[in-house]
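Q:
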Amino acid sequence: MTVLVSPGAQMTLQIVYDRAGFEQDTMRRMLSHFQTLLQNLPHHSAGAISSLPLLGPAEYEQIVHQWSDTQVAYGVDSVLSLFEAQAARTPDETAVVFESHQLSYRDLNARANQLAHHLCRLSIAPDDRVGIYLERSLEMAIAVLGTLKAGAAYVPLDPAYPSERLTFMLEDAQCKVVLTSERIRETLPQASNLFLRVDKDWNRVATESAENPRTKIEGGNLTYVIYTSGSTGWPKGVALPHRALANLISWQLDQSFTPARTLQFASLSFDVSFQEMFSTWCSGGTLLLVPDELRRDAPSLLRFLDLQKVERIFLPFVYLQHLAEAFSDNGARLEHLREIITAGEQLEITPQIAHLCNSLQRGALHNHYGPSESHVVTAYTLTGKPKDWPRLPPIGRPIANTQIYVLDQSGQPTPIGVAGELCIGGTNLARGYLNQPELTAEKFVANPFSDEAAARIYRTGDAARFTVDGNIEFLGRIDNQIKIRGYRIELGEIEATLAAHAAVREAVVAVQEDAGNRRLLGYVVPSTQEFGELATELRRFLKTKLPDYMALSDFVFLEALPLTPSGKVNRRALPAPDLSAIAQRQSHVPPRTDVERQLAEIWSAVLKRDRIGIDDNFFELGGHSLLATQLISRVCSAFNLELPLRYLFEFPTVAGLATAVTAFAKGSPTSAPKAITRDPDREAGNLLAQIDQLTDEQVEALLSEALAEKS
């Protein structure tokens, strides 16, 4: 492309371009942008040229106003009114199922009402916070509903989180009450909070009224506070009000959202769990809570979906990909599945996902986008034949009562096709970050495109651009934040935690892309020259401070961090990890038997490592729940076995797994843990008994890996 300028009494601009590389409409818009820029120059001679607008009046009106003209009057301030109306319409329909237990809409509403009345008796009022420290169960569903009916906001407290993180969340959220169970109560850090055990103390709760409470809940009252990774070294609490989430669910019901048997997959700490629950309950569907172990075992999850006749699922891309791979490998059937909704990560239409979607009868794939600070704000439905879908679909258009702006560094709207920062306005916004007014003021700023004085926009830090048809393309991050397996991670939080260790002088965390896998690497400048066991020590240290999804795969030790001329860390100059140096820090014992050799080859392929010893720990080498699913699938294929996923948690080394595989093949019940049955009719009933055989550490590991980011 060449721009020709002919000066004179009138300046003439011409663009000469290759028609094979550019479309004519694009070039016409570019000339129009030049014209707008030149027209504005005389009026802004003192300012920076970069701050001048490029959009003409028509394009400005289209991008800023027409494409965000989404006003809809729903007249609903809280999802509770929608739920209670549904419970009155279909009291005898099944609302929620977990394993062999279920509750009708009447029973779920009644128990939630009893809990709400009891919480009110404990002086819980609107905007108070109630912690929920529970495992997946019917009680978890009751706890969420009961807390909201009492007017309070719920705060998910994941049992898999480190004690120090939970202590911070309890203190920061100032939870007046924590709902828990007798079985895990003692694992929660000691705090001044009041605890209510929803199992052992239920006799007291059951004496309360089963009628709907008359708590006055306004649209601005809080629904939940969910903690996400923060750059300061501590998580930040995102506080969402009722009106934002009522708008989301109302919009979803508006999209011909019919009753469906819906999978509840996400962790309660992941905002998608709210969407799973209330889009189901407010439309008259049945919510199916999947047991934790099945969440990480794709073949077992497929059988669960088929056995339970699941019709709708919400899954992050990575989990959807593994489900699609298992579907392709196992020749499974999903006769009832008709709707897949994915969010949390960039969606990629892989051959496996295309194959899965092509097999669905009247099925649809929806791509949702939205950070925790707003929940879902855009949506795109893929229609037609999957083979014709784009590899990276757009994230769509704004949902009801939402405005989307793509702005440059000067806050000006970018032209069609030009990248900028995606900013969100409208009803869906969070109040901000709990107890962090400065960060809230930095990220939630006045909306310069609205006539409403109180209107705000949230600066997401995501890069995006508009396409000619008004859809939005997601282009990644513009800051130091990433997403891995659906979880939003601030690299600065890991860096700050590393730097707090006495043996660390400086630390930087980077992401390594490897054949579709994303790993976190720690670059450390030690404060001492003796660091032979430092990698092991740092792993242990981080495990006490951070969730497992923020664990580092490897450490690279440097004499100094590379710097730019301005003195900042030059992340592009960080060296690739020296696998031989990493291997030298680990005692290497080569495979001794055929079984160990086969397993080592499988580990090498899955972990993308050349040198695997029989004492190497799968999870310390960068393995996580999704890679564990791949590994066990390959082991089953190689040895013609139906090996449960939990074997890898029980025996995380090559030597240990080889012993277990050999014993399992011989049918020895004493040398290896009992296998989970693959009889679908008995699988759900036997699963809890199987999990009860695990040690506390193994249960903690399983729960930790169950988190979905975002869950």
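For the sequence shown, numbering that gives the first Met the number 0 begins at 0 and goes up steadily by one. All C-beta atoms in this analysis are idealised placements derived from N, C-alpha and C, irrespective of residue type, glycine included.
(1) For my contact list, residue 268 and residue 157 are in at a C-beta cut-off of 8 Å; report their separation, rounded to the angstrom.
(2) Can you give the Cα-Cα distance for residue 544 and residue 612, rounded to whole angstroms?
(3) According to DSSP, is residue 131 part of a helix, a strand, or is it coil?
(4) Only counting the same chain, and skipping five residues up and downstream in sequence, which positions put a Cβ closer than 6 Å to that of residue 63?
(5) Across which residues does DSSP place residue 765 in a beta bridge pair?
(6) Between the Cα of residue 293 and the Cα atoms of 657, 651, 638 and 627, which residue gives the shortest distance?
(7) With DSSP collapsed to three states, give me the class of residue 408.
(8) How would you label residue 707, buried or exposed, when you count the other beta carbons within 10 angstroms and need 16 or more for buried?
(9) Where does residue 334 fall in DSSP's three states?
(10) Run the CB neighbour count on residue 450, radius 10 Å, all protein chains shown included, and call it buried at 16 or more, exposed below.
(11) Tell me which same chain residues have a C-beta within less than 7 Å of the C-beta of residue 352, skipping the five on either side of it?
(12) Report, in whole angstroms, the separation of the C-beta atoms of residue 54 and residue 121, which I expect to be a contact under 8 Å.
(13) In the DSSP assignment, find the alpha helix (DSSP H) that holds residue 352 and state where it starts and stops.
(14) Which word fits residue 116, buried or exposed, when buried means at least 16 other C-beta atoms lie within 10 angstroms of its C-beta?
(15) Beta-carbon separation of residue 314 and residue 333 under 7 Å?
(16) Would DSSP call residue 63 helix, strand or coil?
(17) Where are the alpha helix (DSSP H) runs, 4 residues long or more, that stay fully inside the segment 62 to 142, in chain order?
(18) Based on the DSSP output, what are the partners of residue 5 in its beta bridges?
(19) Any beta-carbon of chain B closer than 7 Å to the one on residue 621?
(20) Which same chain residues end up closer than 7 Å to residue 554 when comparing Cβ atoms and leaving out the 5 residues on each side of it in sequence?
(21) If I follow the unbroken beta strand (DSSP E) through residue 154, where does it start and stop?
(22) State buried or exposed for residue 461, treating a residue as buried only when at least 16 other CB atoms are found within 10 Å of its CB.
(23) Could you tell me which residues DSSP puts in a beta bridge with residue 420?
(24) Let me make sure I understand the geometry here. Which of 645, 36, 380 and 341 has the alpha-carbon closest to that of residue 255?
(25) Measuring straight from C-alpha to C-alpha, what distance separates residue 714 and residue 390?
(26) Consult DSSP for residue 369 and reduce its assignment to one of helix, strand or coil.
(27) Considering just the uninterrupted stretch of the beta strand (DSSP E) at residue 553, what are its terminal residues?
(28) List the DSSP bridge partners of residue 261.
(29) At the level of alpha carbons, what is the spacing between residue 444 and residue 455?
(30) What is the DSSP secondary structure of residue 717, counted as helix, strand or coil?
(31) What is the DSSP secondary structure of residue 189, counted as helix, strand or coil?
(32) When we look at the beta-carbon of residue 306 and count the other beta-carbons within 10 Å, is it buried (16 or more) or exposed?
(33) What does the alpha-carbon distance come out to for the pair residue 433 and residue 162?
(34) Thinking C-alpha only, which one of 481, 399, 476 and 648 is nearest residue 249?
(35) In or out: residue 21 buried (at least 16 other Cβ within 10 Å) or exposed?
(36) Helix, strand or coil: which one does DSSP assign to residue 480?
A: Quick answer:
(1) 5 Å
(2) 29 Å
(3) strand
(4) 412 and 448
(5) Residue 765 lies beyond the residue range present for the chain, which begins at 0 and ends at 710; the question has no answer from this structure.
(6) 627
(7) coil
(8) For residue 707, the predicted model reports a pLDDT of 34, less than 50, meaning its position is unreliable and no value from the coordinates is stated.
(9) coil
(10) exposed
(11) 319, 320 and 323
(12) With 8 Å as the limit, residue 54 and residue 121 do not qualify as a contact, their Cβ atoms being about 55 Å apart.
(13) 350 to 358
(14) buried
(15) no
(16) helix
(17) 78 to 88 and 104 to 120
(18) 11
(19) No chain B is present in this structure, which holds just one protein chain.
(20) 521, 523, 534 and 537
(21) 152 to 155
(22) buried
(23) 406 and 462
(24) 380
(25) In the structure as shown, the chain begins at 0 and stops at 710. Residue 714 is therefore absent and cannot be evaluated.
(26) coil
(27) 553 to 556
(28) 286 and 311
(29) 5 Å
(30) With the chain represented from 0 up to 710, any question about residue 717 goes unanswered, as that position is not in the structure.
(31) coil
(32) exposed
(33) 20 Å
(34) 399
(35) exposed
(36) strand
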